[in-house]
Amino acid sequence: MFYRETGEFRTSYPNDSQTFPIKFDRRLYYIMLFAAFGVIPFLINDYWANAVFVPFLIWAMAALGLNLLTGYCGQISLGTGGFMAVGAYACYKLMTAFPEMSIILCIMFAGVITALVGILFGLPSLRIKGFYLAVATLAAQFFLVWLFNKVPWFYNYSSSGQISAPERTVLGVAVTGSFTEAWAKYLFCLTMVFVFAWVARNLTRGAIGRSWMAIRDMDIAAEIIGVNPMKAKLSAFALSSFYIGMAGAMFFANYLGAIEATEAFGINQSFLVLFMIIIGGLGSIAGSFIGAAFLVLMPVLLKNILVGQMGWNTAIATHLEFIIIGGLIVLVLIVEPHGMAQLWRVAKEKLRLWPFPHAS
Amino acid sequence: MKFKKMIFAMLIAGFAAPAAMADLFVPWLAYRTGPYSPGGIPVADGFSDYMTLLNERDGGIGGEMIVVEECETAYNTQKGVECYEATKGKGALVYSPLSTGITYQLIPKATADGIPIHSMGYGRTAAADGTVFSHVFNFPAHYWDGASIAVNHILDLNEGDIKGKKIVLVYHNSAYGKEPIATLELLADKYEYELMLVPVDHPGQEQKAQWLQIRREKPDYILMWGWGVMNSVAINEAANIRFPMENFIGVWWSGSEADVLPAADRSNGYKALAINRLGVDYPAMDDMKKYVLDAGLAAGNGDQVGTVLYMRGVYGALLITEAIRVAQKMHGVTDITPEMMRDGLENLVITEELMTELGFPNFGPSFAVTCENHGGEGIGYVQQWNAKDQEWTIISEAIQSEKEIIDKQIADASAAYAEENNIQRRCL
């Protein structure tokens, strides 16, 4: 009824190849953008920012990065935590070495440094695939975290081995440090994530994204039709690490403010991001957001419902949380092995045909 | 539609933090799950039970009931931040994170929000300097005191000469475990012992490699900065390499029943530091039995009563509630704010008379918090495990840490922090 291509006439190629070809989708997208940029910043408080929105946005950024590599290019990586650590420590070194440098530049340079490290650890992907590659990236995870613990230069020789973010401003408003207002922190992260999600979406639609997908679907065939596997794989590693590095930098600078590598960027985080994209949907930008929302927000929600509203004992509630989230993950994967983004895709197909399910 | 609205409302309410309430609201960042729960459970139980005792026996403090709300962190920094944000809006008076990592995280946030932190014997040691850290308190003793007390004990055993002895520090590879290193290095220069560092990564269930290394090095003494399951694993491994237990000394977070029981008889003689005395032979603990335990109001399973860490929790609650009393007296109101609570903590004076009056004679050291000194006097004890009777006993007199070395170290560290964060010094 309302979800139709009928009546939409496109008169130019850009019009025809837009991301949201259906009016309903487009409107929904604009409404969400308006809410995110125009409404939430006025309502947000510290709790909503620090417990809900900022972690969601940052994890979505990390999931986006891993999705470029795993979802689009088909290379499995378990080094996400390590690459996030590179981003965080690079950002810290830049922030302390060049105090006058803009925080936006710091975060982007941290991404660039992570991209270089990512290319280095992506080299094995030229020879090995699948599980073997996963093990090679696992080595990156352990090596990088060990490195940031072992070499005091990375944490400026502080006695505790922690790094902490000094205050930095954007247009005169603090976005890192302890005096950051909730809305500033939120808007900063939102803008970063929005801009780079937009870039990612368009990357995947262009030549480079298509070469990744060709490699993912069948690397020998891709090579035969002229896709350079080295270029495709290494660019996937570089761009993926760029995103993950920025996520790590924001995780450190904007979200937590002080970090220590072992705890903040352990192997758990690598798995967490991998689960996000598997549950959200491999090879889908929206899937990265859905997956991040599911794994970051669900525990908070369950905790608040079980402890806050039902008044249960915190220990029992925590154990139950594990059970419920584990159960939900299994359920989602059984019902829809392609992730939650696929659910949305199927729903859209159904909507187009509704109310005549057998017409085609 | 109605159903959808209801679900939506529930979701929104599910994320939202509840509103502020009256009473003395004291949040407790607990961890009853995960690899650190052997330490987290008894401390949380002791803390809560003492608060319940005051509510049941005295009707709260100055007529105001105390509300303790636990928030599960699993010793995870990220969850700690979430807990902080979720509880601070309810008028939290003081935070006890029971985690050095979370304390590091909360120090700038809580200071900006004007809420004090009491990190009793943990957290950022430099916070003992009240001129820089206005809202952070780590009395009655901190890690650098602990390191010095342990070395002083070793000095006592060797008649003051430990030149050339080899001391190993086994530590949790985190901000917590790294805290004592600087002090131990300073003391190594002074007493000319040889210090060797052996880190153990979170969560510490696997330590074979570390203990192989230790066995090769044949140290004279081992110090341990461990927490959670790491402690019991380390004690077991020490027993496996037949290291003499009386030369193995843990910090006050590495010396509870849960740590030594898994190694059974082989842990006999293991030592640990203590910041308070042990056992339940105090008049107040009789009240605790009458008003809390027998009334079925105990927190948790009620099976931790009297253990070392349970009494640590009681001690922490006692210090906080006495600070509340001071704050009420200072400001003449009973329903105090976090800012008044801060004043209360800063003007807290614990004397032996006060402890006796509270029903805890000879339980902890006497000390006075001042504007400059938030770290207490730095007095500790050494306790030893007797595997046959299954009990910890204090085997030393009160040991004083080497204040001149530590004070200088604190002054340097806090000056560096002040410079890094542009903090104006107070109390001048």
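So the protein lines, in turn, are chains A and B. For the first sequence, the residue numbers in our numbering are 1 to 360. For the second sequence, the residue numbers in our numbering are 361 to 788. Even for Gly, the Cβ is constructed at its ideal location relative to N, Cα and C.
Check: Run through DSSP, which three-state label would B/C731 get?
Finding: For the purposes of this step, residue 731 of chain B is identified with residue 371 of the second sequence, where counting begins at 1. Looking at B/C731 - three-state DSSP - the assignment turns out to be coil, as it is neither helix nor strand.
Notebook entry, point to check: In angstroms, rounded to a whole number, what distance separates the CA positions of B/D625 and B/N596?
Noted result: For the purposes of this step, residue 625 of chain B is identified with residue 265 of the second sequence, where counting begins at 1. For the purposes of this step, residue 596 of chain B is identified with residue 236 of the second sequence, where counting begins at 1. Going by the C-alpha atoms only, they are around 10 Å apart.
Notebook entry, point to check: Where does A/P41 sit, in a helix, a strand or coil, going by DSSP?
Noted result: Position 41 of the first sequence, counted from the first residue, corresponds to residue 41 of chain A. Of the three classes helix, strand and coil, the one that applies to A/P41 here is helix, per DSSP.
Check: Going along chain B in order, which residues have a C-beta closer than 7 Å to the C-beta of A/A51?
Finding: Within the first sequence, the letter at position 51 stands for residue 51 of chain A. In chain order: E442, E445, A446.
Item checked: Check whether A/M61 and A/V193 have beta carbons under 8 Å apart -> As a working note, residue 61 of chain A is residue 61 in the first sequence. As a working note, residue 193 of chain A is residue 193 in the first sequence. Yes, these two residues count as a Cβ contact at 8 Å.
Next item on the list: Using alpha carbons as the reference points, say which of B/H532, B/I421, B/K523 lies closest to B/Y553.
Entry: Within the second sequence, numbered from 1, the residue matching residue 553 of chain B stands at position 193. Comparing alpha-carbon positions, the option among B/H532, B/I421, B/K523 lying closest to B/Y553 turns out to be B/K523.
Notebook entry, point to check: A/Q162 versus chain B: which residues are under 7 Å apart at the beta carbon?
Noted result: For the purposes of this step, residue 162 of chain A is taken as the residue at position 162 of the first sequence. Residues of chain B passing the Cβ test: Y464, A535.
Margin query: So the candidates are A/I334, A/F252, A/F20, A/A207; which of them puts its Cα closest to the Cα of A/Y72?
Written below: Counting from one through the first sequence, the residue named residue 72 of chain A turns up at place 72. Measuring from the Cα of A/Y72, the nearest candidate turns out to be A/A207.
Checklist line | Residues of its chain near A/A182, where Cβ-Cβ distance is below 6 Å and the 5 sequence neighbours each way are ignored | finding: The sequence position of residue 182 of chain A within the first sequence is 182, counting from 1. Same-chain partners within the cutoff: I44, N45, D46, A49.
Check: B/E430 versus chain A: which residues are under 7 Å apart at the beta carbon?
Finding: To locate residue 430 of chain B, count along the second sequence from 1; it is residue 70. Simply T314.
Checklist line | Run of the alpha helix (DSSP H) containing B/P643, from where it starts to where it stops | finding: Working through the second sequence from its first residue, we reach residue 643 of chain B at position 283. Segment 643-647, the alpha helix (DSSP H) holding B/P643.
Item checked: Presumed contact (8 Å Cβ cut-off) between B/V593 and B/I574, rounded CB distance -> If you number the second sequence from 1, residue 593 of chain B lands on position 233. If you number the second sequence from 1, residue 574 of chain B lands on position 214. Contact flag wrong, Cβ pair sits at about 13 Å.
Checklist line | A/M108 - partner residues in DSSP beta bridges | finding: For the purposes of this step, residue 108 of chain A is taken as residue 108 along the first sequence, with counting starting at 1. Answer by DSSP bridge pairing: none, since A/M108 is not bridged.
Note to self: For B/F488, which residues in the same chain have their Cβ closer than 7 Å to its Cβ, ignoring the five residues on either side in sequence?
What the structure shows: As a position in the second sequence, residue 488 of chain B is number 128, starting the count at 1. One detail in the question is off: residue 488 of chain B reads as Ala in this sequence, not Phe. N498, H502, N733, H734, G735, I770.
Item checked: Selected residue, minimal CA-CA separation from B/L657, among B/A683, B/Y410, B/V441 -> Taking the second sequence and counting its residues from 1, the one referred to as residue 657 of chain B is at position 297. By alpha-carbon distance to B/L657, the top candidate from B/A683, B/Y410, B/V441 is B/Y410.
Check: Is there contact here, the region 328-340 of chain A with the region 270-286 of chain A, by at least three beta-carbon pairs under 8 Å?
Finding: yes
Checklist line | Same chain only: Cβ atoms within 7 Å of A/A63, ignoring 5 sequence neighbours per side | finding: For the purposes of this step, residue 63 of chain A is taken as the residue at position 63 of the first sequence. Hits under 7 Å: V273, M276, I277, G280, S288, G291, A292.
Next item on the list: From the DSSP output, in three-state form, read off A/P55 for me.
Entry: The residue labelled residue 55 of chain A in the question sits at position 55 within the first sequence. Helix at A/P55.
Notebook entry, point to check: Of all the CB atoms in chain A, is at least one closer than 8 Å to the CB of B/D383?
Noted result: To locate residue 383 of chain B, count along the second sequence from 1; it is residue 23. No, its Cβ sits nowhere closer than 8 Å to a Cβ of chain A.
Check: Exposed or buried, which one is B/L453 when buried takes at least 16 other CB atoms within 10 Å?
Finding: Taking the first residue of the second sequence as position 1, residue 453 of chain B is located at position 93. When all chains shown are included, B/L453 counts as buried.
Note to self: Just to confirm before moving on: does the CB-CB distance between B/V742 and B/I766 stay below 8 Å?
What the structure shows: As a position in the second sequence, residue 742 of chain B is number 382, starting the count at 1. As a position in the second sequence, residue 766 of chain B is number 406, starting the count at 1. Cβ distance not < 8 Å, so B/V742 and B/I766 don't count as in contact.
Notebook entry, point to check: Using a C-beta to C-beta distance shorter than 9 Å, which residues of chain A count as neighbours of B/G564?
Noted result: As a first step, residue 564 of chain B must be located in the second sequence, where it is residue number 204. By Cβ distance, chain A contributes nothing, its closest Cβ being about 11 Å from B/G564, past 9 Å.
Check: Given a limit of 8 Å on CB to CB distance, which residues of the region 131-154 of chain A reach chain B?
Finding: Residues passing the 8 Å Cβ filter: N149.
Next item on the list: Kindly identify the DSSP beta-bridge partner or partners of B/L389.
Entry: For this step, residue 389 of chain B is matched to residue 29 along the second sequence. Paired residues: B/C431.
Check: In this structure, does DSSP put B/H691 in helix, strand or coil?
Finding: Your numbering for residue 691 of chain B matches position 331 in the second sequence. The answer is helix: DSSP assigns B/H691 an H, G or I state.
Check: Taking C-alpha atoms, which residue in B/G520, B/T543, B/D521, B/E519 lies nearest to B/L529?
Finding: Stepping through the second sequence from its first residue, residue 529 of chain B is reached at position 169. Comparing Cα-Cα distances from B/L529 to each of B/G520, B/T543, B/D521, B/E519, the minimum goes to B/T543.
Next item on the list: Check each residue of the region 32-59 of chain A: if its Cβ is closer than 9 Å to any Cβ of chain B, include it; give the result in chain order.
Entry: N45, D46, Y47, W48, A49, N50, A51, V52, P55
Margin query: Short of 6 Å in beta carbon distance, which residues of its chain neighbour B/S761, apart from the five on each side in sequence? Order them along the chain.
Written below: For this step, residue 761 of chain B is matched to residue 401 along the second sequence. Answer for B/S761: D505, S508, I509, G738, listed in chain order.
Check: Does the beta-carbon of B/A380 have 16 or more other beta-carbons within 10 angstroms, so that it is buried, or is it exposed?
Finding: Here residue 380 of chain B refers to the residue found at position 20 when the second sequence is read from its first residue. The predicted position of B/A380 is uncertain, since its pLDDT is 48 and thus under 50; a value taken from the coordinates is nonetheless stated next. When all chains shown are included, B/A380 counts as exposed.
Notebook entry, point to check: Are any of the Cβ atoms in chain A nearer than 8 Å to that of B/R786?
Noted result: Taking the first residue of the second sequence as position 1, residue 786 of chain B is located at position 426. So no, B/R786 is outside the interface.
Note to self: Please list, in chain order, the chain A residues whose beta carbon lies closer than 7 Å to that of B/K469.
What the structure shows: Translated into the one-based positions of the second sequence, residue 469 of chain B becomes position 109. By Cβ distance, chain A contributes S178.
Item checked: Bridge-paired residues (DSSP) for B/N746 -> For the purposes of this step, residue 746 of chain B is taken as the residue at position 386 of the second sequence. In DSSP, B/N746 forms a bridge with B/E751.
Next item on the list: Output yes if chain B places a C-beta closer than 8 Å to the C-beta of A/L272; else output no.
Entry: The residue given as residue 272 of chain A occupies position 272 in the first sequence. Judged by the 8 Å Cβ criterion, A/L272 is not in contact with chain B.
Next item on the list: Note the first and the last residue of the continuous beta strand (DSSP E) segment covering B/Y581.
Entry: Numbered from 1 along the second sequence, position 221 holds the residue referred to as residue 581 of chain B. Looking at the DSSP string, the run of the beta strand (DSSP E) that includes B/Y581 is 581-585.
Margin query: Which runs of the alpha helix (DSSP H) at least 4 residues long sit entirely within the region 524-587 of chain B? Give them in chain order.
Written below: 535-538, 541-551, 568-577
Item checked: Environment of B/T478 [buried if 16+ CB atoms lie within 10 Å] -> Here residue 478 of chain B refers to the residue found at position 118 of the second sequence. It should be noted that the sequence gives His, not Thr, for residue 478 of chain B. B/H478 is buried by the Cβ-count criterion.
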